[in-house]
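These notes concern the structure reproduced below.
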Amino acid sequence: MKKLLRILFVVLVAKPIIVFWLGLTIRHRERLPTRGPAIIAANHNSHLDTVALLSLFPLEDVPNVRPVAAADYFMKPGFMRWFSLNVIGIIPVSRGGVVEGVDPLAECYAALERGEILLIFPEGSRGEPEKMAELKSGISFIAKRFPTVPVIPVFMRGLGKSMGKGTFIPIPFFVDVFIGRPFSWTGEKTSFMDRLREAFAHLQKKVPAQPLE
Amino acid sequence: MTLRMPEPLFAALGLAVTLLVAATIGASVSTRIRRPLRDAEVRLRIRMWWFIVAGFFMALVLDRRLSVVALGLVSFVAFKEFLTLAPTRRADNKVLLWAYLAIPLQYFWAGSGVYGIFSVFIPVYLFLLLPIRMALVGDTHGFLRSVGVIHWGLMTTVFCVSHLAFMLALPDLPGLKNSGVSLLFYLVVLTQLNDTAHYLVNRRFGRHPVLATVRPGLSIEGMAAGIALTTLAGVALAPWFTPFTWAQAVIAGLLIGLFGFLGFVATAAIERDLGVRESGHFLPGHGGLLERLDSLMFSAPLFFHFAYDQFYR
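Chain order of the listed sequences is A and B.
Residues 903 to 1115 (the working numbering) make up the first sequence, in order.
Residues 96 to 408 (the working numbering) make up the second sequence, in order.
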């Protein structure tokens, strides 16, 4: 049932919005993993980021893709919570590190062990539209625990312009998605985060800038 | 028994399909021999012609309203391309939504052939409505520039292009079956011929540069050859597709040739200003469709009004 909901969401909502209403130019789609375990690290500007990333996968893989999302925002009781868990299929993570001995990332580890694909936004929140914020290091704990799992950096441009923080109707703009080369745990936290930062900086240069004032 | 000649329009489309099949096969063969970059340009042009021919068949065989909708989608994508390349402010998103909503309405007027509202809806009503909506948002920084960008986009990619759709809705003139579709065919063929002649002559024989600050590589030779050929073709094709006398055909050909070229130049100036051309994209979403439409955006309303004033008033 949950699987069906997720596939229906991609067919009826994600694809029409992303492919028709916005319009997507994807480069290096072949670098997208078709099977897990894998970690996709993308820049974050809009709620549409998750929608766009989900729309990139073949339908049968969609239930296997798990966006990692902030529990304090998406787990507020009510429709949002139901929608996030059942339709988007998020893994809720509480921000702010270990509380009462429970590792907030435990569910992420379990998902990778099941062979699922994690979608992570290392910037943490959407922030200023079309600007990259400082990366949070949560992702490095996951990569360290699964040193052979590939990390695929993805840079998207235009979604923050279309539906940035505080707006809820997507305005049509073309969107660029550039998928980077996979890499994995470098053996140490600082160098891993540097590697990720470099990957984003590199992709950012490849994707043509969209003027926004 | 009398032998029925096929209508010129059907004959022309049949011929176009034959040529396109040959061109498609030719292009796929030559890709293996020649350098791929120039072939990408050729293949894009061939693909565009397939779309054009499909649009005309849709109008003639199926339903004109389908072609009107298809042209509306062309405007939608072109407007989106323009706004992706041009600077807008975050505060403009509410205004942009209104601008997008104008597209289905404008094509509704065009498809129903209501000349009055069709010709004033964007230049009068939206022209005034958009800055009002923008002022209500309250952000005055960069206001004039922003409203100018949106107006320009809407006028060129929606208003000008919608004239193609309005031509489909024109009623038949005595002695010319499918008048509207025929006039549209005449316009599209001549505009494309102008572009192609200009492009080829420029490449091969261009010696005397013109407007080099706008687009390097333009030449007087290319411009003159384009306009001359378009006018000649305009006169030659007029008896089959238009009600024009030869003098009217000369004027129509000159209009399409000259203003197609000037439209191309004006669009090039804007591309240059936005820094688009330098990055060399011709993909959809990166100015690809705009590049195909540039001359047509200018020749369409001018040709339309010329024909309309002569035969439909």
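Where is the CB? At the ideal position from N, CA and C, for every residue including glycine.
Beta carbon proximity, residue i to chain A, threshold 8 Å
i               : result
E102 of chain B : no
R185 of chain B : yes
E176 of chain B : yes
L196 of chain B : no
L139 of chain B : no
Three-way DSSP call (helix, strand, coil) for residue i in this model
i                : result
S948 of chain A  : coil
L271 of chain B  : strand
I1044 of chain A : helix
D290 of chain B  : helix
R1016 of chain A : coil
S214 of chain B  : helix
I942 of chain A  : strand
T1092 of chain A : helix
L934 of chain A  : coil
V163 of chain B  : helix
V209 of chain B  : coil
P304 of chain B  : strand
T179 of chain B  : helix
F959 of chain A  : coil
V1004 of chain A : strand
Continuous alpha helix (DSSP H) stretch holding residue i: start and end
i                : result
R997 of chain A  : Neither: R997 of chain A is in no alpha helix (DSSP H) and is coded neither H nor E.
V360 of chain B  : 341 to 369
V330 of chain B  : 315 to 336
F261 of chain B  : 256 to 263
I245 of chain B  : 238 to 248
V921 of chain A  : Counting along the chain, V921 of chain A falls outside any alpha helix (DSSP H), and DSSP gives it neither H nor E.
A916 of chain A  : That residue, A916 of chain A, is in no alpha helix (DSSP H); it is neither H nor E in DSSP.
E1032 of chain A : Careful: E1032 of chain A lies outside any alpha helix (DSSP H) and carries neither H nor E.
M229 of chain B  : 222 to 232
P396 of chain B  : 383 to 406
Span of the beta strand (DSSP E) around residue i
i                : result
F1057 of chain A : 1053 to 1059
M928 of chain A  : Correcting the residue identity first, residue 928 of chain A is Ile in this sequence and not Met. Unbroken beta strand (DSSP E) run through I928 of chain A: 926 to 929.
P969 of chain A  : 967 to 972
D1176 of chain A : Since the first and last residues shown for chain A are 903 and 1115, residue 1176 of chain A lies out of range.
Closest Cα partner of residue i within the set the options
i                : options                            : result
A972 of chain A  : A:G991, A:E1036, A:P965            : A:G991
A940 of chain A  : A:K978, A:R1047, A:G1068, A:V953   : A:R1047
L388 of chain B  : B:R310, B:L263, B:V253, B:V305     : B:V253
C1010 of chain A : A:I1044, A:K1108, A:H946, A:S948   : A:I1044
V172 of chain B  : B:L295, B:T251, B:L313             : B:T251
M143 of chain B  : B:V232, B:A118, B:A154             : B:A118
F959 of chain A  : A:A1012, A:V921, A:M1034           : A:V921
T1088 of chain A : A:T1050, A:M1058, A:G1060, A:F1023 : A:T1050
A943 of chain A  : A:R1099, A:V1109, A:K1108, A:K1107 : A:R1099
I147 of chain B  : B:G109, B:I315, B:A347             : B:G109
Q287 of chain B  : B:L115, B:G121, B:R140             : B:R140
I322 of chain B  : B:R310, B:L313, B:L350             : B:L350
G1029 of chain A : A:V913, A:R931, A:N945             : A:N945
I1081 of chain A : A:I1054, A:P979, A:P969, A:K905    : A:I1054
Short CB-CB distance (under 8 Å) between residue i and chain B
i                : result
T1092 of chain A : no
G1060 of chain A : yes
P918 of chain A  : no
V921 of chain A  : no
F1075 of chain A : yes
I874 of chain A  : The question about residue 874 of chain A has no answer, for chain A in this structure spans 903 to 1115.
E1115 of chain A : Low confidence applies here, because E1115 of chain A scores a pLDDT of 49, under 50, leaving its location unreliable; read the following figure in that light. By this cut-off, E1115 of chain A is an interface position.
G991 of chain A  : no
G1066 of chain A : yes
G925 of chain A  : yes
Chain-ordered chain C contacts of residue i [CB-CB under 7 Å]
i               : result
T235 of chain B : The chain inventory of the structure shown lacks chain C, comprising the protein chains A and B.
Inter-stretch contact (C-beta, 8 Å, three-pair minimum) for the stretch 1010 to 1017 of chain A and the stretch 921 to 936 of chain A: no
The stretch 397 to 408 of chain B in contact with the stretch 343 to 354 of chain B per 3-pair CB rule at 8 Å: yes
Meets three-Cβ-pair contact criterion under 8 Å: the stretch 224 to 240 of chain B and the stretch 178 to 189 of chain B: yes
Inter-stretch contact (C-beta, 8 Å, three-pair minimum) for the stretch 269 to 289 of chain B and the stretch 146 to 158 of chain B: yes
Validate contact between the stretch 190 to 205 of chain B and the stretch 214 to 228 of chain B using beta carbons, cut 8 Å, 3 pairs: yes
The stretch 941 to 957 of chain A / the stretch 977 to 984 of chain A touching (three or more Cβ pairs under 8 Å): no
Inter-stretch contact at 8 Å, needing at least 3 Cβ pairs: the stretch 1033 to 1044 of chain A / the stretch 1065 to 1077 of chain A: no
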